[in-house]
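Here's the structure we're looking at; comments come further down.
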Amino acid sequence: MLLISLEQWRALVGVVDAGSYALAAEALGKSQSSVSYAVAQIEERTGVQIFRIQGRKAVLTAEGKAVYLRARYLLSETNRLEKAAAQMALGHEAELRLAADIMFPPAILIEAIQRHAANRLTVRVEVFETVVSGFSGLLEDGKVDLAIAPEVPDGFLGEPIMRVSFLPVAAPTHPLHKLDQVTLHDLRDHHHLIIRDSGERRADQGAWHVSQNRIVFSQTSTSIEAARRGLGFSWFAETLIEEDLKTGALKELPMAERARRSVELFLVFRDAVGASPGVRALAEALRSAVRSRSSVSSEYCRTC
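Mapping of the sequence shown onto the UniProt record's numbering: position 129 corresponds to residue 129, and the numbering continues sequentially without gaps.
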C-alpha cells in the first residue's frame with residue numbers, strides 16, 4: 001500500500017515550482033487548504049521536514065530538496081509511462097527491430113532513427129547490421145520487423161529504397177596504381193579485401209570475387225582500414241569512403257573493365273499487410289531520410 005499518493009507528490013512539486021501554496025493551488029485547480037494538507041501528510045508519513053520558516057517565507061530544507069527532486073523524477077517517469085502506454089495502445093511497439101545491410105549509408109540510417117524518435121517519448125530500436133544474405137534468416141525467423149536488403153526473398157514484399165554505387169579502390173601507394181590501366185587479370189595478383197557474408201545460408205558472391213588471394217573481414221571499417229594501409233584492393237560503397245577519396249587516403253583504380261558497380265537496396269517488411277503503425281512510421285522515416293539525402297546530393301551535383 002502506498003503511503004503517499006501521486007496527487008500528494010504533485011502538490012509538493014507544485015508548491016516548490018510555483019513558489020507558494022496559493023499559486024500552486026491555482027495551477028493545480030485545488031484549494032489552498034488541500035495543497036497544504038497534502039504537503040503536511042508527506043512530512044508526517046516520511047518523517048522528513050520539507051519546509052522551514054525563514055522570515056515570512058517557507059523554504060526547502062536540505063532533506064526537503066532531496067525529496068522534491070525525487071518527487072519530480074517520479075512524476076516525470078509516471079508521465080512517460082502513461083504516454084508510452086497510450087502509444088502502445090495505438091500499435092507503437094515498445095521495441096522495433098531492423099536489419100540493415102552494411103551497404104546502406106550509416107549517416108542515412110542514423111538520420112532515419114532520429115526522425116522516427118523525434119515524436120516519440122519512448123523508443124527502442126534494435127539494429128542488426130548484416131552482410132549480403134544475413135537479413136534473410138532474421139526475416140524468416142521473425143527476429144526483425146523490417147530489413148534493408150540487396151534482394152526481396154520469396155514470400156516477402158519489398159520496395160526499392162536506394163541504389164548504392166561501388167568503386168574499385170586501393171591506397172595511392174598500392175602497386176596497382178602504377179599501372180596505366182588495371183584489368184581483372186592484374187587484380188588476381190593482389191589481395192582482394194572481402195566482407196564475410198553474415199547469413200547462415202551464404203549467397204554466391206562469385207561475381208564479386210576476382211582474386212583467389214582474399215583477406216576476409218567481418219567489419220567494413222576494418223576492411224577499409226586495411227585498404228588505407230595498402231594491404232589490398234576492394235570495391236567499397238562510395239558513400240562509405242567519400243572522405244577517404246577527398247583526402248587521398250584511397251584512390252579509385254584505373255580499371256579498364258567492370259569498374260564501377262551498383263546494387264539496388266530494398267525495404268522489406270516482415271509482414272507488409274499487418275505491419276503496425278510503429279513499423280510503418282519507421283519505414284517512412286527511412287524513406288524520408290533517403291529522399292532528403294538524395295535531394296542534397298542532387299543539389300550538390302548541380303553546383304559542381
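Glycine included, C-beta positions come from ideal geometry on N, C-alpha and C.
For residue i, which residues from the same chain have a beta carbon less than 6 Å from its beta carbon, with the 5 sequence-adjacent residues on both sides left out?
i, result
"I110", "none"
"L184", "V210"
"T239", "P105"
"I241", "L250"
"A24", "G14, V15, A18 and V35"
"A272", "L157"
"A66", "none"
"E243", "none"
"T61", "Q49 and R52"
Kindly list the residues whose CB is nearer than 7 Å to the CB of residue i, restricted to its own chain and excluding five residues on each side of it in sequence; keep chain order.
i, result
"V59", "F51 and R52"
"G248", "P172"
"A259", "P168"
"Y21", "V15, Q32, V35 and S36"
"V182", "L176, L253, P254, M255 and A256"
"M162", "L265 and V290"
"Q8", "A38, Q41 and I42"
"P160", "E264 and F266"
My understanding is that residue i touches residue j, with C-beta atoms under 8 Å, so please give their C-beta distance in whole angstroms.
i, j, result
"R214", "I195", "The Cβ separation is near 11 Å, so there is no contact."
"H177", "L282", "About 42 Å separates the two Cβ atoms, so there is no contact after all."
"L231", "H192", "That belief does not hold up - the Cβ atoms of L231 and H192 are roughly 10 Å apart, past 8 Å."
Run the CB neighbour count on residue i, radius 10 Å, all protein chains shown included, and call it buried at 16 or more, exposed below.
i, result
"L286", "buried"
"Y68", "buried"
"G142", "exposed"
"T173", "exposed"
"T220", "buried"
"Q114", "exposed"
"S31", "exposed"
"Y73", "exposed"
"A112", "buried"
"R291", "exposed"
"A45", "What sits at residue 45 in the sequence shown is Arg, not Ala. When all chains shown are included, R45 counts as exposed."
"Q212", "exposed"
"R229", "exposed"
"L179", "exposed"
"R10", "buried"
Which same chain residues, not among the five before or five after residue i, have their C-beta less than 8 Å away from its C-beta?
i, result
"R201", "Confidence in R201 is poor, its pLDDT being 49 and thus under 50, which makes the residue's placement too unreliable to answer from."
"T78", "L6"
"V152", "G158, F266 and V268"
"F217", "L193, I194, I195, R196, S223 and A226"
"R293", "P105, A107, I108 and E111"
"residue 315", "No answer is possible for residue 315: it lies beyond the span of the chain, which begins at 1 and ends at 304."
Find out if the Cβ-Cβ distance for the pair residue i, residue j is shorter than 8 Å.
i, j, result
"L96", "V125", "yes"
"V144", "S262", "no"
"F128", "L265", "no"
"G64", "Q54", "no"
"P150", "D101", "yes"
"I108", "A289", "yes"
"L250", "A227", "yes"
"V35", "G19", "no"
"L146", "V279", "yes"
"L28", "A71", "no"
"R270", "L98", "no"
"F236", "I224", "yes"
Just checking, does the region 165-175 make contact with the region 248-256 on the three C-beta pairs under 8 Å criterion? yes
Are the region 33-43 and the region 2-11 touching, with three or more C-beta to C-beta distances below 8 Å? yes
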